[in-house]
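Q:
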Amino acid sequence: MNKPKEAPSATPTIGATVLRLVPRIRRQADQQTSAAPSTECLERQVNSLRLSKMLDMLGVPKEGYYSLMSEEIIQRHISNCRHCTRSPSVRICDAYLDEGRPVRNMRFCPNYLSLIANSPAFYEQRTRRHGARR
């Protein structure tokens with residue numbers, strides 16, 4: 012006859028290694044948290060690209076950039092900058108950033124509008140033009 016199987020009383024072991032049964036939901040949550048980049052990682056990526064020079068030219072403080080922008084937006088800026096390095100406009104970008112040409116003409120940059128909207132000069136110009144909002 013068939014005997015009913017008994018549940019193991021202890022955690023199954025293989026040699027000296029203890030096997031732990033982790034629920035699927037917890038594993039997925041751990042994978043998602045480990046996949047999200049840290050702020051230090053994002054800062055390193057920004058500093059290694061032209062994006063860092065662009066922030067300096069626009070006068071966007073880096074502390075404000077990392078605190079105001081979400082990680083998704085920063086990653087999109089990094090991705091745009093990386094893809095731009097493969098395009099012919101990279102020579103134009105280098106010329107603008109290295110020679111100190113006026114940044115207002117950098118309409119070819121995919122990050123320009125997003126970055127200029129967060130620059131202090133843009134806020135000052137906007138408040139002068141429209142007056143302070145209450």
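The numbering used here applies: residue 12 is where the sequence shown begins, and numbers increase by one.
Here a beta-carbon is modelled for each residue, glycine too, at the ideal position from N, C-alpha and C.
Owing to the predicted nature of the structure, the values given are computational and were not obtained by experimental measurement.
1. Taking buried to mean at least 16 other C-beta atoms within 10 Å of its own C-beta, is Leu69 buried or exposed?
2. Between Met65 and Arg87, what straight-line distance do the alpha-carbon atoms span, to the nearest angstrom?
3. Sorted by chain position, which residues of the same chain lie with C-beta nearer than 7 Å to Ile89's C-beta, five sequence neighbours on each side aside?
4. In angstroms with no decimal places, state the Cα-to-Cα distance between Glu82 and Glu54.
5. Using CA atoms only, rank isn't needed, just tell me which of Cys52, Thr50 and Pro72 is closest to Ala128.
6. To the nearest angstrom, how far is it from the Cα of Leu124 to the Cα of Leu79?
A: In brief:
1. Here Leu69 is buried, its C-beta having at least 16 other C-beta atoms within 10 Å.
2. Met65 and Arg87 have their C-alpha atoms some 15 Å from each other.
3. For Ile89, where only same-chain residues beyond five positions count, the Cβ hits under 7 Å are Gln56, Val57, Leu60 and Leu62.
4. 11 Å
5. Pro72
6. 16 Å
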